[in-house]
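Read in order, the letters of the sequence shown correspond to residues 4 to 183 in my numbering.
Every residue gets a Cβ at the ideal spot worked out from N, C-alpha and C, and that includes glycine.
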Amino acid sequence: VAKAQSTSPDVAAALATLEQAKRGVALARADYIPDVGVGVTYSMLDGVSFLPRRAVGLSIQGSWTAWDWGKRGSLSRERLAQQDAAAIGLALARDRVTVEVERAYRAAVHAERGAEVARAALDARRAAERIARDRNARGLIAAAALGVAEAELAESEARALAAELQVRLARAELTRAAGG
4 VAKAQSTSPD VAAALATLEQ AKRGVALARA DYIPDVGVGV TYSMLDGVSF LPRRAVGLSI
64 QGSWTAWDWG KRGSLSRERL AQQDAAAIGL ALARDRVTVE VERAYRAAVH AERGAEVARA
124 ALDARRAAER IARDRNARGL IAAAALGVAE AELAESEARA LAAELQVRLA RAELTRAAGG
């Protein structure tokens with residue numbers, strides 16, 4: 004199940020959506036941080052005799068929105084809701100993959116048991132056909148009864164092959180569901 008979840012494109016997409024939502028929450032919270040800027044200027048003043056020839060200036064500038072009528076708070080709550088929805092989507096994707104793998108596993112076990120039953124029935128039909136052939140050779144039963152036993156053996160062989168096909172299909176589905 005863990006391998007299937009790690010290789011599932013649905014889980015990967017849900018995980019990427021969750022990461023995107025987390026970054027959205029961080030960006031929404033960053034709006035509460037004030038903007039601060041620092042600047043340095045250097046000037047050379049040639050031709051003005053009453054001012055110094057070289058001047059250096061330092062400036063610090065800041066801005067902060069004290070009141071925005073609830074815009075930042077609403078945006079933060081919206082982004083948190085998106086993050087919660089993405090987390091739910093990730094859990095849903097993981098659950099979907101888990102259910103698919105468990106269903107495929109149960110189908111494979113069911114097919115294995117069906118194949119065991121078909122093999123046991125085939126063995127029983129082979130024994131019945133062998134007994135019918137021996138009885139026919141001794142003249143105890145008619146050729147029609149031998150034909151019925153041979154037909155039942157052929158039917159049982161076909162069922163055993165069909166059961167083996169179901170096992171292979173179920174295993175392939177399990178491998179696909181498990182991400183292999």
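Do we get a CB-CB distance below 8 Å when we pair Val102 with the residues of chain B?
Given the protein chain composition of this structure (a single chain), no chain B is represented.
Nearest-angstrom Cα distance between Arg174 and Glu119?
15 Å
Which residues bound the alpha helix (DSSP H) around Val100?
74-141
Limits of the alpha helix (DSSP H) - the one that Asp13 falls within:
12-33
With a 10 Å radius around its C-beta and 16 neighbouring C-beta atoms as the bar for buried, classify Arg216 as buried or exposed.
Residue 216 is absent from the structure shown; the chain starts at 4 and stops at 183.
Could you give the C-beta distance for Glu167 and Ala107, rounded to a whole number, given that I count them as a contact under 8 Å?
Incorrect: roughly 18 Å between the Cβ atoms, too far for contact.
Nearest to Ala88 by alpha carbon, out of Tyr35, Leu21, Arg141, Gly182?
Leu21
Considering only residues of the same chain and omitting the five flanking positions on each side of Ala181, which have a CB-CB separation below 8 Å?
Val4, Lys6, Ala7, Val104, Ala107
Would you check if the distance between the CB atom of Ala196 and the CB atom of Ala163 is smaller than 8 Å?
Missing from the structure shown is residue 196; the chain here goes from 4 to 183 and no further.
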